[in-house]
Amino acid sequence: MSGTISIARTDQETTISIKGRFNFEMHSQFRAAYQEETVDKSRSRRFIIDLTGTEYIDSSALGMLLLLREEAGTNDADIEIANARPEIRKILETANFQRLFKIT
Amino acid sequence: MKILIVDDDRINSTILHRLLSREGHQVFSAEDGLAGVEMFDSERPELVLMDIRMPRMNGYEAAREIKRISSDRFVPIIFLTAVTDEEGLVQCIESGGDDFLTKPFNRTLLQAKIEAMERIRRLHTELHSQKEELERHQERVQQELDISQHLFSNIVRAGNLFDAPCLRHISRPMSQFNGDLLVASYNPAGGLHIMLGDFTGHGLSAAVGAMPLSELFYGMTAQGYSIGDIADEMNAKLLSIMPTRMFCAACLLEVDMRQQSLMVWNGGLPDILLVDGQGRMQQRIASYHLPLGIRPFNPDDRKVSIFELRPDTRIFLYSDGLTEATRHDNLMYGSERLERHFDGNRQPEHLFDDIISDLDSFRAGAQQSDDITLLEINCARANEEPVSDSLAHARKKFIPPTNWSLSFFFSPQLLQTVDPLPAIINSVMNLQAPAGHRERIYTTLAELFSNALDHGLLGLDTKTKQTPEGFMRYYSQREERLAALEHGFIRLELTHIPQYDEKQQKTGGEMHIRVEDGGPGFDHQHVHSTLDGNMGHGGRGIALVRSLCTKLAYNEAGNCADVVYRWTI
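Chains as they are written, first to last, in the numbering used here: chain A, 1 to 104; chain B, 1 to 569.
Encoded structure:
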């Protein structure tokens, strides 16, 4: 059982929304969602990971976020994790991901 | 194709025989069910044409018997029937028939059915051989997994102290390999190091990362490195070997009952819970760092928090597999339900078992979806010796006592960057490794060294540590003053002299240790000089050294200590 991903793009931004369970089964879907945009390293792009509909997140999902961060330029990456419900926010904060991502 | 005809009607049988032989098939005939089963056994045909009504054994029974003895392969049975009623046909299928052919035979239909059956048979054969191939493969993989698991447990558990009386733990891996790493070992000064690590994912890939970490843990702990140093090394190691999307949420603890202190480095694990003698939650220690293996450490990432322990404190430590364990309706166990146990209304000694049985009744047999680990450290028993002794010393080769000396000089800049003690103790132990003395020599050097640094150079007052607030203040003051330290030095001189008996046989050796600091000196006469008088926080250093050594003397100014440590073969 895993979640679904939907993507919305503008000129500067890519919003990836995850509904349901964000776990290891989402790996290839999630990667496909951003891969095109991270190929061209010269253009900086903003990513918003919208967790409004996310019910659950596991450590593999945290790993996927790290991978996105790396492919989007590590410290130069502009990634926002938005609308996480309190339990998920707690998981992100336990891993201290607020030091790597903007969590809003 | 080998075809068996089972029919008691000779005319029918002969027509079929001729027809099929002409098509190039190899044909056998049996005159009733019993003869048919026997011939099936001896000739191993690939297709059976079966009449229904026959003497001795009818077609249904024969079909059942044939299917039973050929259960490992697919041999189609086509019933030859005059029956057209539905019940008769149903019985054909129930007894194992794959198709039927109504008499009188239509030649084209017969050929078509035989061809169709042949296609199915070939598919079956192919499927069967693929299944066998898969089974062989699975067996091979399982064997390799078993061997790997053996290696894994030997590496990870080497020198593990889980028979230490103060520790209770439960580890429930989700698969053959545990992605939760739990290791414990004593450092040379008698402090207990414990690490719980939780790798991304589960199973083999997670377990592979556990191996280098456990080696670093045991090796560095034995050499006297601090948990901050160990976390730093582990982080560097994981960065070099693991892919970006893998990391290790980890917590390292040092329990030192002599100092009544708990040091914690927590990167990504759930809150560590301190529980008092009444079973009440006293404090929670939240994750302060990023997990290991995400990015290179900066100085702040090494930061370790210090907490005061009481003799009856219990420490609970767990992986998120515990609180995220789900039951059938997907509801999680949760930290609230866990922490309800620490309301002070339960016997502290039963807490561990209560939590486990509560978890089990909550899950009610639901499938496990992550590795689960829970550990309890009972400080009251932290000083009890483990049942089995570490083998580390036994393997060291014996070096006969000889003459040698070492001299170290440390500037403030060095003291700010590294803890030089592990390097010192390693040099000493490599030159002269008196079996069983490592801990005592380490403790002696460590106490003299920290006196020289804390009191001599940094001017800290042990009395500060008498209260819990002071305890915290002491360590934050120490950090600030060390960072600001510009002048002074610590000099350490160590001379080893062999000892002889009256027959000039070597009996052991004496280490003459001098530790001198560049500070103004301190009032050693009044810094807690007896062991008994100092059961409180810290400050037992000098008394302890006095109990381990044959001689301890300070100079007038109090900034130079002379110690003699004696050992015998």
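The C-beta atom is built at its ideal place from N, Cα and C for all residues, glycine as well. None of these values were measured; they are calculated from a predicted model.
Under the Cβ distance rule, A:Glu37 does not count among the residues neighbouring chain B, no pair being separated by less than 8 Å. In this model, B:Gly209 and B:Leu238 are separated by some 7 Å (Cα to Cα). With a contact defined as Cβ atoms closer than 8 Å, A:Gly3 and A:Met26 qualify at about 6 Å. Counting along the chain, the unbroken alpha helix (DSSP H) around B:Cys92 starts and ends at Glu86 to Glu94. Neighbours of A:Ser60 across chain B, judged by C-beta separation under 8 Å: Thr200, Gly201 and Arg245.
Bridge pairing for B:Gly558: absent [DSSP]. Under a 10 Å Cβ-count criterion, A:Ser6 is classified as exposed, with fewer than 16 other Cβ atoms of the shown protein chains found around its own Cβ. Excluding its 5 nearest sequence neighbours in each direction, B:Ile241 has C-beta neighbours in its own chain below 8 Å: Gly209 and Pro212, listed in chain order.
In this structure the segment 487–501 of chain B does not touch the segment 460–476 of chain B; the number of beta carbon pairs closer than 8 Å is below three. One thing to note: B:Arg284 has its Cβ within 8 Å of the Cβ of B:Ile272. In this model, B:Phe74 and B:Thr102 are separated by some 23 Å (Cα to Cα). Closest in C-alpha terms to B:Asp8, from the list B:Val515, B:Lys2, B:Met54 and B:Gly179, comes B:Met54.
With 16 or more other Cβ atoms inside 10 Å of its own Cβ, B:Glu516 counts as buried. Residue pairing from DSSP places B:Tyr500 in a beta bridge opposite B:Lys506.
A straight line joining the alpha-carbon of B:Glu31 with that of B:Ile93 spans about 22 Å. With distances taken between CA atoms, B:Tyr218 lies nearest to B:Met195 out of B:Thr200, B:Met195, B:Gly201 and B:Asp360. For B:Val545, the enclosing alpha helix (DSSP H) has its first and last residue at Gly541 to Leu548.
Excluding five sequence positions before and after B:Ile3, the CB atoms of its chain that fall closer than 8 Å to its own CB belong to Leu20, His25, Gln26, Val27, Phe28, Pro45, Glu46, Leu47, Val48, Leu49 and Ile114, given in chain order. Contact between B:Ile78 and B:Phe40 is ruled out by a C-beta separation of about 14 Å, above the 8 Å threshold. Using a Cβ-Cβ cut-off of 8 Å, A:Ala95 counts as an interface residue toward chain B, since at least one Cβ of chain B sits closer than that to its own. Counting along the chain, B:Lys2 sits inside the beta strand (DSSP E) bounded by residues Lys2 to Val6. B:Leu317 and B:Cys248 have their C-alpha atoms roughly 16 Å apart.
Taking 4 residues as the minimum length, the alpha helix (DSSP H) runs contained wholly in the segment 301–367 of chain B are 320–323, 335–339 and 351–363, in order along the chain. Taking A:Gly53 as the centre and dropping the five residues before and after it, the same chain places the C-beta of Lys19 closer than 6 Å to its C-beta, in chain order. One Cα belongs to A:Ala32, the other to A:Glu93, and the distance between them is close to 26 Å.
The segment 317–330 of chain B and the segment 492–512 of chain B do not touch, with fewer than three beta-carbon pairs separated by less than 8 Å.
Distance check between B:Pro104 and each of B:Gln143, B:Ala82, B:Ser95 and B:Asn378 places B:Ala82 closest, using alpha-carbon atoms only. Boundaries of the beta strand (DSSP E) around B:Val264: Ser261 to Gly267. Three or more beta-carbon pairs separated by less than 8 Å link the segment 374–385 of chain B to the segment 248–266 of chain B, which places the two stretches in contact.
Nearest to B:Leu445 by alpha-carbon distance, out of B:Ser287, B:Asn426 and B:Ser369, is B:Asn426. By the Cβ test, the segment 478–485 of chain B is not in contact with the segment 417–432 of chain B, since fewer than three Cβ pairs between them sit closer than 8 Å.
For the pair B:Gln432 and B:Arg438, the Cα-to-Cα distance works out to about 10 Å.
Between B:Asn178 and B:Ala222, the C-beta gap is not smaller than 8 Å, which leaves the two residues out of contact. Note that the segment 146–154 of chain B does not touch the segment 335–355 of chain B; fewer than 3 beta-carbon pairs, one per stretch, sit closer than 8 Å. Looking only at B:Gly96, B:Asp72 and B:Ala35, the smallest Cα-Cα distance to B:Tyr60 is reached by B:Gly96. Looking at the backbone, the Cα of B:Pro401 and that of B:Ser407 are separated by about 19 Å.
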